[in-house]
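Participant: 0 is the number of the first residue of the sequence shown in numbering that gives the first Met the number 0; add one for each residue after it. C-beta: ideal position from N, C-alpha, C; glycine also. Below you will find the structure I want to go over with you.
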Amino acid sequence: MEFDIRYRSYVFKHSCTDQPDLSQEHFPPHFHTAYELLFFVRGDAYLALQHTQYSIRPGSLLVIKPGEYHNIVFRSEAPYERYVIRVNPISLRRGMAELLSRTQSVYYIAGTPLEEEFYRMDSHLSFLQENTHVNACIGSMDLILSYLINSDSLIQHADYINNDSKRVLDYIDTHLVEVHSIDDLVRGLHMSKSALYRIFSMQLETPPMNYVRTQQCLLAHNLLAEGVPATEVSARLGFSHYSSFYRSYQQVFHASPSEKKVI
0 MEFDIRYRSY VFKHSCTDQP DLSQEHFPPH FHTAYELLFF VRGDAYLALQ
50 HTQYSIRPGS LLVIKPGEYH NIVFRSEAPY ERYVIRVNPI SLRRGMAELL
100 SRTQSVYYIA GTPLEEEFYR MDSHLSFLQE NTHVNACIGS MDLILSYLIN
150 SDSLIQHADY INNDSKRVLD YIDTHLVEVH SIDDLVRGLH MSKSALYRIF
200 SMQLETPPMN YVRTQQCLLA HNLLAEGVPA TEVSARLGFS HYSSFYRSYQ
250 QVFHASPSEK KVI
């Protein structure tokens with residue numbers, strides 16, 4: 000049973016593509032402002048995630064965190080079937096967002112209760128009245144997340160790590176509020192501008208400062224959700240002018256900081 004249920008900050012989806020398009024320009028690296036869980040039922044592909052690559056197979060569960068650039072790269076036209084759950088961190092019950100932030104990126108869940116819970120979503124939705132579908136999906140999501148945070152034995156490790164890219168992204172992550180220009184990255188990393196642009200072009204297909212601004216705005220979104228005033232958020236993140244923060248935030252979220260939009 001295929002389904003596509005969207006409610007506020009939630010997406011629950013089960014879909015199948017009979018013949019995936021192998022043209023890479025249709026699947027550029029992209030990011031979400033929410034957590035995305037993708038349960039890979041069948042297909043022939045691998046996951047490019049930030050500075051890593053993972054082989055994925057039927058039974059792989061991908062956990063993609065807010066702001067992580069990723070794409071699924073198809074190796075053949077074999078049918079592609081998947082379940083997707085997408086949820087904004089502020090919609091998760093207390094403490095779950097923090098636990099989820101510590102999870103790994105790929106798990107192999109074939110033959111486990113975690114896999115069974117994804118398949119149960121189909122039977123729930125086929126049995127229940129439509130006006131209860133959202134609540135049923137949220138209930139399934141809560142069980143899936145509870146299983147996930149207790150599934151360290153199911154972790155699947157990366158097949159490839161680009162260490163140059165990892166060093167750059169780790170630096171940005173730990174110096175996020177200090178980076179305001181490409182020159183800040185050049186000085187901090189002791190790397191030329193051309194080398195930085197080459198890494199971002201090859202790995203993420205976005206300029207370095209676009210990536211930095213995206214990560215800063217994701218942090219801003221979380222602070223705003225906690226009730227921190229927009230002007231204070233702008234100052235905390237080191238923006239010299241509120242107008243610069245406003246424009247960056249609007250580019251990422253297509254909403255103003257004052258809207259506190261749930262993405």
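My output table needs one value for tyrosine 68: the three-state DSSP class, helix, strand or coil.
Facilitator: coil
Participant: Is it buried or exposed for cysteine 15, if we count other Cβ within 10 angstroms and need 16 for buried?
Facilitator: exposed
Participant: Between which residues of its own chain and serine 100 is the CB-CB distance below 7 Å, once the five residues before and five after are set aside?
Facilitator: Lys64
Participant: Measuring CA to CA, which of Arg212, Ile71 and Ala194 is closest to serine 164?
Facilitator: The option with the nearest alpha carbon to serine 164 is Ala194.
Participant: With DSSP collapsed to three states, give me the class of arginine 166.
Facilitator: helix
Participant: Sort His220, Phe117 and Ile148 by Cα distance to serine 139 and report the nearest one.
Facilitator: Of the candidates His220, Phe117 and Ile148, the one whose C-alpha sits nearest the C-alpha of serine 139 is Phe117.
Participant: In the structure shown, what three-state DSSP assignment does isoleucine 262 receive?
Facilitator: Residue confidence is low: isoleucine 262 scores 46 on pLDDT, short of 50, so the model does not pin down where it sits. Its coordinate-derived value is still stated next. Coil.
Participant: Since asparagine 161 and histidine 50 are thought to touch, with beta carbons under 8 Å apart, how far apart are those beta carbons, to the nearest angstrom?
Facilitator: So it is a contact: roughly 5 Å between Cβ atoms.
Participant: Do glycine 42 and tyrosine 79 come within 8 Å of each other at the CB atom, strictly closer than that value?
Facilitator: yes
Participant: Out of Arg85, Gln18, Ala47 and Arg74, which has the shortest C-alpha to C-alpha gap to valine 105?
Facilitator: When only C-alpha atoms are compared, the closest one is Ala47.
Participant: Are the segment 67-75 and the segment 120-134 touching, with three or more C-beta to C-beta distances below 8 Å?
Facilitator: No: the two stretches stay apart, fewer than three of their Cβ pairs being nearer than 8 Å.
Participant: Which same chain residues end up closer than 6 Å to lysine 12 when comparing Cβ atoms and leaving out the 5 residues on each side of it in sequence?
Facilitator: Contacts found: Asp3 and Val83.
Participant: Distance check for histidine 69 and phenylalanine 199, CA to CA, integer angstroms please.
Facilitator: 13 Å
Participant: Going by Cα to Cα distance, which pick from His156, Leu37 and Tyr241 is closest to proline 57?
Facilitator: Leu37
Participant: Can isoleucine 181 and methionine 208 be called in contact, C-beta distance under 8 Å?
Facilitator: Yes, the Cβ-Cβ distance between isoleucine 181 and methionine 208 is below 8 Å.
Participant: May I ask you to list the residues that DSSP assigns as paired with leucine 48?
Facilitator: Thr51 and His69
Participant: Are the beta-carbon atoms of leucine 184 and leucine 147 separated by less than 8 Å?
Facilitator: No, they are not a contact pair.
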